[in-house]
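In what follows, a structure is listed as structure tokens, so that the remarks can point back to it.
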Amino acid sequence: MAAKLFYKIFMTPSNLDISLTNADIKNIIEFTESFPTIYTLDDAIDIVENGQIQVDFFDLGKFNGMLCERKKEYFMCVNIKLDDNYKTKTILHELGHYMMHYNNRFKKLFFCHDMMVSHEEKEADYFAWWLMDDYLREGCKWNFFCLKL
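Sequential numbering of the sequence shown, starting at 1129, is according to my numbering.
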């Protein structure tokens, strides 16, 4: 009962702030327009590998995934311990870094971790959210939402 009351009072659209500007959101939507909706992990892997990014699964400890570049070749590592929804989210999140942050010369390596919620991480998360099917979205935590109290 208390949880439902909290949700009803605080989790209204006026109290949710996605922490991105309208320009950020417009930019992300434009980047995602050429991509199909992602329904499965295999869909996500296919899109990334068709873009010439190699995807591998490893035990990454507390990290969900990472994207790295070496000699103009891109590699994506995803934590093998994640369930399929989170693997899908992580792949699309890292793809968001690849698509939107490719010109960041100071970061040749992007890590995805729950404790790292910079502006770039929020953009990559929103990119992933925008591509994922509604059913897949429901099972994941999203870092671009924050509660305004």
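Glycine included, each C-beta is placed from N, C-alpha and C at the ideal position.
Remember, predicted model here, so these are calculated numbers, not experimental data.
Got a sec, what are the start and stop residues for the beta strand (DSSP E) residue i sits in?
{"i": "Ile1181", "result": "Ile1181 to Phe1186"}
{"i": "Met1194", "result": "Gly1193 to Arg1198"}
{"i": "Asn1207", "result": "Glu1201 to Asn1207"}
If you drop the 5 nearest sequence neighbours on each side, which residues of the same chain put their C-beta closer than 6 Å to that of residue i?
{"i": "Lys1215", "result": "Leu1169 and Val1206"}
{"i": "Leu1259", "result": "Thr1160, Phe1163, Ile1166 and Leu1220"}
{"i": "Ala1252", "result": "His1221, Gly1224 and His1225"}
{"i": "Asp1184", "result": "Cys1205"}
{"i": "His1229", "result": "Glu1248"}
What does a CB cutoff of less than 7 Å around residue i pick up in its chain, not counting 5 residues either side in sequence?
{"i": "Leu1195", "result": "Tyr1202, Met1204, Glu1222, His1225, Tyr1226 and Phe1238"}
{"i": "Asp1242", "result": "Residue placement at Asp1242 cannot be trusted, given a pLDDT of 49 that sits under 50; what the coordinates show is reported in the next sentence. Closer than 7 Å at the Cβ level, and outside the excluded window around Asp1242, lies no residue."}
{"i": "Trp1270", "result": "Asp1253 and Trp1257"}
{"i": "Leu1210", "result": "Asn1192 and Thr1218"}
{"i": "Glu1158", "result": "none"}
{"i": "Asn1176", "result": "Asn is not the amino acid found at residue 1176; the sequence shown has Val there. Result list for Val1176: Val1183, Met1204, Ile1219 and Leu1223, in chain order."}
Take the Cβ of residue i as the centre, count every other Cβ of all protein chains shown within 10 Å, and call the residue buried at 16 or more, exposed below.
{"i": "Asn1178", "result": "exposed"}
{"i": "Gly1193", "result": "buried"}
{"i": "Thr1218", "result": "buried"}
{"i": "Ile1181", "result": "buried"}
{"i": "Phe1186", "result": "exposed"}
{"i": "Ile1156", "result": "buried"}
{"i": "Lys1250", "result": "buried"}
{"i": "Ile1208", "result": "exposed"}
{"i": "Asp1262", "result": "exposed"}
{"i": "Asp1212", "result": "exposed"}
{"i": "Phe1272", "result": "buried"}
CB-CB under 8 Å to residue i, same chain, minus the five flanking residues each way: which ones, in chain order?
{"i": "Glu1266", "result": "none"}
{"i": "Ile1173", "result": "Val1183 and Ile1219"}
Which first and last residues belong to the alpha helix (DSSP H) in which residue i is found?
{"i": "Glu1161", "result": "Counting along the chain, Glu1161 falls outside any alpha helix (DSSP H), and DSSP gives it neither H nor E."}
{"i": "Asn1213", "result": "Asp1212 to Met1228"}
{"i": "Ile1166", "result": "Taken as a continuous stretch (DSSP letters only), Ile1166 belongs to no alpha helix (DSSP H), as it is neither H nor E."}
{"i": "Phe1272", "result": "Taken as a continuous stretch (DSSP letters only), Phe1272 belongs to no alpha helix (DSSP H), as it is neither H nor E."}
{"i": "Asp1253", "result": "His1247 to Leu1259"}
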